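So the structure is just underneath, and the comments pick up after that.
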Amino acid sequence: MSYTTTLSDQYYHKAVTLMPGGVNSPVRACTNVNATPLCIAKGQGSHIVDLDGNDYIDFVLSWGPMILGHNEAHVHQALLEQLALGTSFGAPTPLEVALAERMIACVPGLERVRMVNSGTEATMSCLRLARAATKRSKLIKLIGCYHGHADPFLAKAGSGLATLAIPGTPGVPDAVVQDTLLAPYNDLPAVADLFAQYGSSIACILVEPVACNMGLVLPDPTYLAGLQRLAKEAGALLLFDEVITGFRLALGGAQEYFGITPDLATFGKIIGGGLPVGAFGGRKDLMDLIAPEGPVYQAGTLSGNPLAMAAGLATITELQNRDYQALAHKTAAFAKELHNILAQKGVPIQIPTIASMFGIFFCENTIRNFSDVQKADPALFATFYKQMRSQGIYLAPSPYETAMVSFAHTEEDMAKTLDAAAKVRFA
Ligand code: HOZ
Numbered sequence: 010m011s012y013t014t015t016l017s018d019q020y021y022h023k024a025v026t027l028m029p030g031g032v033n034s035p036v037r038a039c040t041n042v043n044a045t046p047l048c049i050a051k052g053q054g055s056h057i058v059d060l061d062g063n064d065y066i067d068f069v070l071s072w073g074p075m076i077l078g079h080n081e082a083h084v085h086q087a088l089l090e091q092l093a094l095g096t097s098f099g100a101p102t103p104l105e106v107a108l109a110e111r112m113i114a115c116v117p118g119l120e121r122v123r124m125v126n127s128g129t130e131a132t133m134s135c136l137r138l139a140r141a142a143t144k145r146s147k148l149i150k151l152i153g154c155y156h157g158h159a160d161p162f163l164a165k166a167g168s169g170l171a172t173l174a175i176p177g178t179p180g181v182p183d184a185v186v187q188d189t190l191l192a193p194y195n196d197l198p199a200v201a202d203l204f205a206q207y208g209s210s211i212a213c214i215l216v217e218p219v220a221c222n223m224g225l226v227l228p229d230p231t232y233l234a235g236l237q238r239l240a241k242e243a244g245a246l247l248l249f250d251e252v253i254t255g256f257r258l259a260l261g262g263a264q265e266y267f268g269i270t271p272d273l274a275t276f277g278k279i280i281g282g283g284l285p286v287g288a289f290g291g292r293k294d295l296m297d298l299i300a301p302e303g304p305v306y307q308a309g310t311l312s313g314n315p316l317a318m319a320a321g322l323a324t325i326t327e328l329q330n331r332d333y334q335a336l337a338h339k340t341a342a343f344a345k346e347l348h349n350i351l352a353q354k355g356v357p358i359q360i361p362t363i364a365s366m367f368g369i370f371f372c373e374n375t376i377r378n379f380s381d382v383q384k385a386d387p388a389l390f391a392t393f394y395k396q397m398r399s400q401g402i403y404l405a406p407s408p409y410e411t412a413m414v415s416f417a418h419t420e421e422d423m424a425k426t427l428d429a430a431a432k433v434r435f436a
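Take 10 as the starting number for the sequence shown in the working numbering and just add one per residue.
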C-alpha cells in the first residue's frame, strides 16, 4: 500500500486551531509516539479506512466497544429501525427495559441497573452510591487503574494520564483526592495496610478486575478474592470497573470469568454497541438507594437513549451466539507468535493476553503493576507503533492502552499483522 496521510494531516492542522490538541480525548493525539492522528472516514468489520483511503486492520476498536467489528449487520439494522422512530424522548422506552433485562441475565452480580451516558458517569455515580450506602468517604484506588476523568479518580491513573505523565491534574481540589487512597495493583498487603490505618472510613475498593488502562495487567490468581475478603472484613464494598472487561472477558464479564461477584459494578463500551453509553448496577439493596427509589441522586437527559439502547441490545443479542473461547484462542495464538517474532529481533518484549485482549510492553520483566509497566521502553514502542501503522496495522498509540481483537478479525488479518511485525526494524 502507498502510505500517505495528507488529508488526515490537513484535518489535524485545522483541528488544532479549534480544539485543545486537535482532539476530543488526549491519547488519540498520538503525541507520545511522535505521530499525528489519523482522521477516520469509515469502518467495516475488522478494518477502518482513513481520509486518504489507507486501509487498516483495527486493534483499537474504538477503545473496546466494537467487539463485533465495525458496522455489524444486526447493529446496523437495529439502529436504522430506531432511527425511523426517533432518536431521543427523555422518557422510558421498551429498549432500555430489554437491555437491562439482558444485562441482568448475563452478569452474575447484577440485580438492578441504571443506564448512563459514559463510563466516567457510571463510575462517579457508583462511587456516590457506595459512599452513601456505607456512610463512609474514602475509596481505595489501585495505581495505574483508570476509572474515567471524574475528580476522585485522577490520582496516579492510567490511560491518558499515564501516557502524558500527568500524575494528578490541576483543577482537582486537594480535599477531593485526599479521600482517594492508593495501593499498587496486585499487592494485597498494601490494601490490608490501608484498611488497618483507615478501615472505618473506607467506603469501597474500586478496581479494574483486569487492568486495561496501563497496558494489559492481569490480576494474580488470588488477588480479586483477596480484595473481596479485605473489603468484607472492613464493612466496605467491592466495586468492579467493568467498562472494558464487561461483555469482553465473557458475557458475564470479569464476574463470570473469575467467579467473583462484586457488590457493585460499572459498564460502558460494549453495552452501547459503539454509541455513547454507560451503566452501573449490582446488589438490589444498594441500588434501591438510587433516586427515585431512594435518596441518592443521579440523573441524565440522554440516559437510556433509544439509539444507544438499540445498538447495545443488538450487540449483546449477537454476542450470545458467539464463541468467546474461540476468540480467546485466536488471540492467544496470535500473541504467542507476535512475541516470538519480536523476541527474535533481540528486543525485550512481553505480550500478556487474556480473552480477546493483549498488551505490548518492550521490557524483560513480567508485568504485575504500574511500576513494572513504567520499565517498558517508550522509544521501542513508538518505533513499533509507527512502522506497524505505515503497514496498515492500527494499534493504540500508547503502551498504557490495551489492544483489542474482535469477532470480525480473520485469520488473514492476524497473519498480515504478524507479517507486518516481522518487517519492523528497531535499529
Ligand atoms: N481513555 C480511553 C481509553 N482507555 C479513551 C481514549 C480515547 O478515546 O482517546
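Note that beta-carbon positions come from the ideal geometry of N, C-alpha and C, so glycine has one too.
Note that the coordinates shown come from a computational prediction; the quantities given were computed from them, not determined experimentally.
For Y266, which three-state DSSP category applies?
Here residue 266 is taken as the residue at index 257 of the sequence shown, counted from 1. Helix at Y266.
Identity of the residues DSSP links to G54 by a beta bridge
The sequence position of residue 54 within the sequence shown is 45, counting from 1. DSSP, once it has assigned bridges, lists H79 as partnering G54.
Along the chain, where does the alpha helix (DSSP H) that runs through L170 open and close?
Counting from one through the sequence shown, the residue named residue 170 turns up at place 161. S168 to T172 is the span of the alpha helix (DSSP H), which, as asked, contains L170.
Let me check understanding here. Comparing Cα to Cα, which of T26, H158, P193 and G167 lies closest to V181?
Counting from one through the sequence shown, the residue named residue 181 turns up at place 172. With distances taken between Cα atoms, V181 lies closest to H158.
Quick one: is M28 buried, meaning 16 or more other Cβ sit within 10 Å of its Cβ, or exposed?
Taking the first residue of the sequence shown as position 1, residue 28 is located at position 19. The residue is exposed, with fewer than 16 neighbouring Cβ atoms inside 10 Å.
CB-CB length for A109 against L298, believed under 8 Å
One-based indexing of the sequence shown puts residue 109 at position 100. One-based indexing of the sequence shown puts residue 298 at position 289. In fact, because the Cβ distance is near 17 Å, the residues do not count as touching under 8 Å.
Classify V186 as helix, strand or coil using the three-state DSSP reduction.
Position 177 of the sequence shown, counting from 1, holds the residue named residue 186. Helix, per DSSP.
Which stretch, first to last residue, makes up the beta strand (DSSP E) that contains G291?
Position 282 of the sequence shown, counting from 1, holds the residue named residue 291. Here the beta strand (DSSP E) through G291 covers G287 to G291.
Status (buried if at least 16 other CB within 10 Å, exposed otherwise) for A335
The residue labelled residue 335 in the question sits at position 326 within the sequence shown. Burial call: exposed.
Which residue wins for smallest C-alpha separation from Q206, given the options P218, V216 and L190?
In the sequence shown, residue 206 corresponds to position 197, counting from 1. Checked all of P218, V216 and L190; the closest Cα to Q206 is L190.
Out of curiosity, what's the CA-to-CA distance linking F256 and V84?
Residue 256 sits at position 247 when you count from the first residue of the sequence shown. Residue 84 sits at position 75 when you count from the first residue of the sequence shown. Whole-angstrom Cα-Cα distance: 16 Å.
Outcome for N33 when other beta-carbon atoms lying within 10 angstroms are tallied against a minimum of 16:
Looking up residue 33 in the sequence shown gives position 24. The residue in question, N33, is exposed, as its Cβ has fewer than 16 Cβ neighbours within 10 Å.
Does the distance between the C-beta of R137 and the nearest non-hydrogen atom of the ligand HOZ fall short of 7 Å?
Residue 137 sits at position 128 when you count from the first residue of the sequence shown. No - the ligand HOZ has no heavy atom lying nearer than 7 Å to the Cβ of R137.
Comparing the CB of V36 with every heavy atom of the ligand HOZ, is any distance shorter than 7 Å?
In the sequence shown, the residue the question calls residue 36 occupies position 27. Yes.
Just mark E105 as buried or exposed, buried being the case when its beta carbon has 16 or more other beta carbons within 10 Å.
Taking the sequence shown and counting its residues from 1, the one referred to as residue 105 is at position 96. Under this definition E105 is a buried residue.
What are the residues that DSSP puts in a beta bridge with K147?
Residue 147 sits at position 138 when you count from the first residue of the sequence shown. BP columns for K147 point to I211.
List the whole-angstrom C-beta distance separating N222 from Y409, where the pair is believed to meet the contact cut-off of C-beta under 8 Å.
The residue labelled residue 222 in the question sits at position 213 within the sequence shown. The residue labelled residue 409 in the question sits at position 400 within the sequence shown. Going by Cβ atoms, the distance from N222 to Y409 rounds to 7 Å, so yes, they are a contact pair.
Would you check if there are 3 or more beta carbon pairs closer than 8 Å linking the segment 128-143 to the segment 165-173?
no
Endpoints, beta strand (DSSP E) assigned at I66:
Within the sequence shown, the letter at position 57 stands for residue 66. From DSSP, the beta strand (DSSP E) with I66 extends over D64 to D67.
Span of the beta strand (DSSP E), counted from its first residue to its last, around D452:
The shown model of the chain, from 10 to 436, leaves out residue 452, and the question about it has no answer.
Residue range of the beta strand (DSSP E) that includes V125:
Walking along the sequence shown from the start, residue 125 turns up at place 116. Taken as a continuous stretch (DSSP letters only), the beta strand (DSSP E) holding V125 covers R121 to V125.
Which of helix, strand or coil does DSSP assign to D297?
Translated into the one-based positions of the sequence shown, residue 297 becomes position 288. Correct three-state label for D297: coil.
Report buried or exposed for N314, applying the criterion of at least 16 other Cβ atoms within 10 angstroms of its Cβ.
Position 305 of the sequence shown, counted from the first residue, corresponds to residue 314. Buried, because 16 or more other Cβ atoms sit within 10 Å of the Cβ of N314.
Run the proximity test for S168: is its beta-carbon closer than 7 Å to any non-hydrogen atom belonging to the ligand HOZ?
Within the sequence shown, residue 168 is the residue found at index 159, counting from 1. Answer for S168: yes, Cβ within range of the ligand HOZ.
Start and end of the beta strand (DSSP E) containing D18?
On the sequence shown, position 9 is the one that residue 18 refers to. Run containing D18: none in the beta strand (DSSP E); it sits in the alpha helix (DSSP H), T15 to A24.
Mapping the DSSP letters down to three states, classify G235 as helix, strand or coil.
The count along the sequence shown starts at 1 and reaches residue 235 at position 226. In the structure shown, G235 sits in a helix (DSSP, three-state: H, G or I).
Is T419 helix, strand or coil by DSSP?
Position 410 of the sequence shown holds residue 419. In this structure, T419 counts as coil in the three-state DSSP scheme.
Would G62 be called buried (16 or more neighbouring beta carbons within 10 Å of its own) or exposed?
Position 53 of the sequence shown holds residue 62. G62 is exposed by the Cβ-count criterion.
My assumption, with CB atoms under 8 Å, is that L258 sits in contact with I149. Please give the rounded CB distance.
Taking the sequence shown and counting its residues from 1, the one referred to as residue 258 is at position 249. Taking the sequence shown and counting its residues from 1, the one referred to as residue 149 is at position 140. Between I149 and L258 the Cβ distance is about 22 Å, and since that is not below 8 Å, they are no contact.
Less than 7 Å between C-beta atoms, sequence neighbours within five positions excluded: which residues of the same chain meet that for F204?
Against the sequence shown, residue 204 aligns to sequence position 195. So the list reads I211, L239 and A243, once near-sequence residues are dropped.
In the structure shown, what three-state DSSP assignment does T40 receive?
Locating residue 40 in the sequence shown gives position 31, where the first residue counts as 1. The answer is helix: DSSP assigns T40 an H, G or I state.
Would you identify the three-state DSSP class for L428, choosing helix, strand or coil?
As a first step, residue 428 is located in the sequence shown; it is residue number 419 there, counting from the start. Correcting the residue identity first, residue 428 is Asp in this sequence and not Leu. Residue state, collapsed to three classes: helix.
C-beta atoms of A319 and Q91 nearer than 8 Å:
Sequence index remark: in the sequence shown, residue 319 carries index 310 (1-based). Sequence index remark: in the sequence shown, residue 91 carries index 82 (1-based). Yes, the pair counts as a contact, with Cβ atoms nearer than the cut-off.
Helix, strand or coil: how does DSSP classify Y394 here?
As a position in the sequence shown, residue 394 is number 385, starting the count at 1. In this structure, Y394 counts as helix in the three-state DSSP scheme.
Measure the CB-CB distance between S365 and M75 and report whether it falls below 8 Å.
Along the sequence shown, read from residue 1 onward, the residue named residue 365 stands at position 356. Along the sequence shown, read from residue 1 onward, the residue named residue 75 stands at position 66. No, they are not a contact pair.
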